[in-house]
Every structure is written in C-alpha cells, then in structure tokens.
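Residue numbers (the numbering used here), protein chains in the order written: chain A, 100 to 211; chain B, 268 to 380.
C-beta: ideal position from N, C-alpha, C; glycine also.
Values in this document were obtained by computation on a predicted structure and should not be read as measured data.
Worksheet: one structure, shown below.
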Amino acid sequence: EDQVTQSPEALRLQEGESSSLNCSYTVSGLRGLFWYRQDPGKGPEFLFTLYSAGEEKEKERLKATLTKKESFLHITAPKPEDSATYLCAVQAGSGNTGKLIFGQGTTLQVKP
Amino acid sequence: DGGITQSPKYLFRKEGQNVTLSCEQNLNHDAMYWYRQDPGQGLRLIYYSQIVNDFQKGDIAEGYSVSREKKESFPLTVTSAQKNPTAFYLCASTDRGLHQPQHFGDGTRLSIL
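Below, the structure is given as structure tokens:
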C-alpha cells in the first residue's frame with residue numbers, strides 16, 4: 100500500500116535556528132513529490148515539486164531535497180512568519196489521474 | 268486574478284440534512300478534486316474529476332456525491348448518510364500534464380448543529 104509519513108509531527112524553533120522536516124514514502128513508481136505550506140484556516144499553498152532522486156529546489160529560506168526513499172525540507176534561519184503546517188504529498192503509479200497521497204503534516208512554530 | 272473559490276467558509280448541518288459545498292475555478296484546469304482534512308490527519312481524497320461529465324470515487328466517497336456539469340464547477344454534496352461530516356473540506360484543481368501541482372481553495376469548515 101502506498102504510504103507517506105512525515106516527521107516530526109510538531110517542531111518548535113527559535114528564530115534563526117535551522118532545522119529539517121522529513122517526508123518518507125513507500126510508493127510504486129514515484130511520479131512526483133510535492134511540498135505545500137498551510138496556514139490555519141486556509142488551503143495548502145504550493146511550494147515545490149521534485150521529480151527525481153538528487154533533485155533540489157530552493158525558495159527564500161526553504162530548500163527541498165529528494166532521495167529514493169524520502170524528501171527533506173530544510174529551513175535556514177527561520178523567522179516567525181515561517182510558522183505553519185508543512186504538507187508533503189506524492190503522485191505515484193501508472194495513469195495520469197493527478198491523484199496525490201498526503202502525509203499528515205509537520206506543524207512548525209518559530210518563536211521570536 | 269485566477270484561483271479557486273470555495274463557499275461558504277463555514278457551514279452547519281442539521282441531522283438528516285444534505286448540504287452542498289461550492290467550488291469554482293477560473294484557472295481553466297481540467298481536473299478537480301475534493302479532500303477532507305481532520306485534525307492530525309493528512310488530506311483524504313473524496314472524489315475527483317478529470318473531465319466534464321465524468322468523475323471517480325476517491326478513498327472515502329461513502330456519504331458524499333458530486334457533479335461536474337461545467338469545467339469551472341465541481342460541487343460536493345454531503346448527504347445524511349455521512350455520519351461524521353464535521354471536517355475541513357478542500358477543493359483543488361490541476362492542469363493536464365506531467366508533474367503539475369494541485370492548487371487549492373481556502374476550504375469550507377462543516378459542523379453539525
């Protein structure tokens with residue numbers, strides 16, 4: 100069964116304290132891995148797509164990496180405005196339905 | 268500005284009542300999706316549609332129904348058969364093509380009266 104697991108469930112950081120969020124997956128035929136940011140009471144906001152092992156993408160203080168079994172979202176010198184829930188999702192299998200399998204998310208709190 | 272609009276933002280359901288959640292997109296996307304989000308859980312797929320007048324069940328379709336009469340619109344009905352409807356409902360759409368991300372609306376929070 101295809102599965103996506105994120106860790107930790109919650110993470111508290113001091114402003115400027117860098118860390119990483121993990122997304123591990125077991126799927127048949129990875130087609131793409133997606134990172135989203137979700138603020139309370141809002142819909143997820145797209146951050147990155149990763150397609151193949153070794154790929155990296157960056158946006159401001161965020162950097163996403165991908166291996167054959169997991170992805171990391173590195174947060175460098177975070178600010179309080181980076182506080183949110185970060186969701187990982189994978190697209191897998193044959194056929195182009197666009198269906199995504201989501202992890203349960205990591206809730207990040209950055210204290211000033 | 269292109270985007271996905273969900274309405275209402277908050278909705279209350281009485282026992283035995285069907286309620287309909289609206290989702291409209293002006294991104295000209297072919298595919299649309301409905302998800303349910305519960306606290307501490309990931310998004311779970313309810314229904315999806317890749318083309319007008321066609322839709323497929325997701326992982327948790329029981330107690331829900333959809334229609335896709337127009338490309339821009341994909342309403343979700345939560346029927347009285349859904350015994351635990353309290354959740355945050357999210358609608359998404361995506362363009363055709365490999366590796367296209369889904370884009371989301373801002374959700375509808377449904378509660379039982």
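*For B/Arg376, which residues does DSSP report across the bridge?*
Mapped onto the second sequence, residue 376 of chain B falls at position 109. Looking at the DSSP assignment, B/Arg376 forms a beta bridge with B/Tyr277, B/Phe355.
*Identify the continuous beta strand (DSSP E) that holds A/Phe145 and give its terminal residues.*
Translated into positions along the first sequence, residue 145 of chain A becomes position 46. For A/Phe145, the uninterrupted beta strand (DSSP E) segment begins and ends at 144–149.
_With a threshold of 6 angstroms on Cβ separation, who are the neighbours of B/Lys338 within its own chain once the five nearest residues in sequence on each side are excluded?_
Position 71 of the second sequence, counted from the start, is the residue given in the question as residue 338 of chain B. Hits under 6 angstroms: Val319.
*Let me know the secondary structure DSSP gives B/Asp326 once reduced to three states.*
Start at 1 with the first residue of the second sequence, and residue 326 of chain B comes out as number 59. DSSP, reduced to helix, strand and coil, places B/Asp326 outside both helices and strands of the structure shown, so it counts as coil.
*Considering only the beta carbon of each residue, do A/Leu149 and A/Tyr185 sit closer than 8 angstroms?*
To locate residue 149 of chain A, count along the first sequence from 1; it is residue 50. To locate residue 185 of chain A, count along the first sequence from 1; it is residue 86. With a cutoff of 8 angstroms on beta-carbon distance, A/Leu149 and A/Tyr185 are scored as not near each other.
_Under 9 angstroms by beta carbon: chain A residues contacting B/Gly371_ = On the second sequence, position 104 is the one that residue 371 of chain B refers to. Contrary to the premise, residue 371 of chain B reads as Phe rather than Gly in this sequence. Per Cβ cutoff of 9 angstroms: Tyr135, Gln137, Lys141, Gly142, Pro143, Glu144, Phe145.
*Just how far apart, CA to CA, sit A/Val189 and B/Gly325?*
By 1-based counting over the first sequence, the position of residue 189 of chain A is 90. By 1-based counting over the second sequence, the position of residue 325 of chain B is 58. Going by the C-alpha atoms only, they are around 15 angstroms apart.
*Is the CB of A/Ala160 under 8 angstroms away from at least one CB in chain B?*
Here residue 160 of chain A refers to the residue found at position 61 of the first sequence. The identity of residue 160 of chain A in the sequence shown is Arg, whereas the question assumes Ala. No, because no Cβ of chain B sits closer than 8 angstroms to the Cβ of A/Arg160.
*asked:* At a CB distance below 9 angstroms, what residues from the region 337–351 of chain B approach chain A? Give them in sequence order.
replied: Going along the region 337–351 of chain B in chain order, one finds no residue with a Cβ nearer than 9 angstroms to chain A.
_Burial state of A/Ser117, where buried means 16 or more other Cβ atoms lie within 10 Å_ = Numbered from 1 along the first sequence, position 18 holds the residue referred to as residue 117 of chain A. A/Ser117 should be labelled exposed.
*Quick one: Cα of A/Leu165 to Cα of A/Leu172, how far?*
One-based indexing of the first sequence puts residue 165 of chain A at position 66. One-based indexing of the first sequence puts residue 172 of chain A at position 73. Distance between the alpha carbons of A/Leu165 and A/Leu172 is about 9 angstroms.
*Using a Cβ-Cβ cut-off of less than 7 angstroms, list which residues of the region 275–305 of chain B approach chain E; keep chain order.*
In summary, chain E is missing from the structure at hand, where the protein chains are A and B.
*Cα-Cα separation, B/Ser360 to A/Ile174*: Within the second sequence, numbered from 1, the residue matching residue 360 of chain B stands at position 93. Within the first sequence, numbered from 1, the residue matching residue 174 of chain A stands at position 75. Rounded to whole angstroms, the gap between the alpha carbons of B/Ser360 and A/Ile174 is 28 angstroms.
*Counting pairs of Cβ atoms below 8 angstroms between the region 327–335 of chain B and the region 124–144 of chain A, do you hit three or more?*
Because the criterion of three Cβ pairs below 8 angstroms is not met, the region 327–335 of chain B and the region 124–144 of chain A do not touch.
*Which partner residues of A/Ile174 appear in the DSSP bridge assignment?*
The sequence position of residue 174 of chain A within the first sequence is 75, counting from 1. In the DSSP output, where bridge partners are listed per residue, A/Ile174 has A/Ser118, A/Leu161.
*asked:* With a threshold of 8 angstroms on Cβ separation, who are the neighbours of A/Ser119 within its own chain once the five nearest residues in sequence on each side are excluded?
replied: For the purposes of this step, residue 119 of chain A is identified with residue 20 of the first sequence, where counting begins at 1. Leaving aside the five residues that flank A/Ser119 on each side, the residues in its chain whose CB is nearer than 8 angstroms to its CB run, in chain order, Phe171, Leu172, His173, Ile174.
*Same chain only: Cβ atoms within 8 angstroms of B/Gln367, ignoring 5 sequence neighbours per side*: Counting from one through the second sequence, the residue named residue 367 of chain B turns up at place 100. Only Thr361 meet the Cβ criterion.
*Contact under 8 angstroms by Cβ, B/Gln369 with A/Leu129*: Within the second sequence, the letter at position 102 stands for residue 369 of chain B. Within the first sequence, the letter at position 30 stands for residue 129 of chain A. The answer is no: Cβ separation not under 8 angstroms.
*asked:* Taking the beta strand (DSSP E) that B/Leu365 belongs to, which residues open and close that run?
replied: Here the question's residue 365 of chain B lines up with position 98 in the second sequence. For B/Leu365, no beta strand (DSSP E) segment is defined, and its DSSP state is neither H nor E.
*Going along the chain, which residues of its own chain have a beta-carbon closer than 8 angstroms to the beta-carbon of A/Gln137, five neighbours each way excluded?*
To locate residue 137 of chain A, count along the first sequence from 1; it is residue 38. Within the same chain, A/Gln137 has close Cβ partners Pro143, Glu144, Ala183, Thr184, Tyr185, Leu186, Gly204.
*C-alpha gap between A/Ser106 and B/Lys276, whole angstroms*: Here the question's residue 106 of chain A lines up with position 7 in the first sequence. Here the question's residue 276 of chain B lines up with position 9 in the second sequence. If I take the Cα positions, the gap works out to 30 angstroms.
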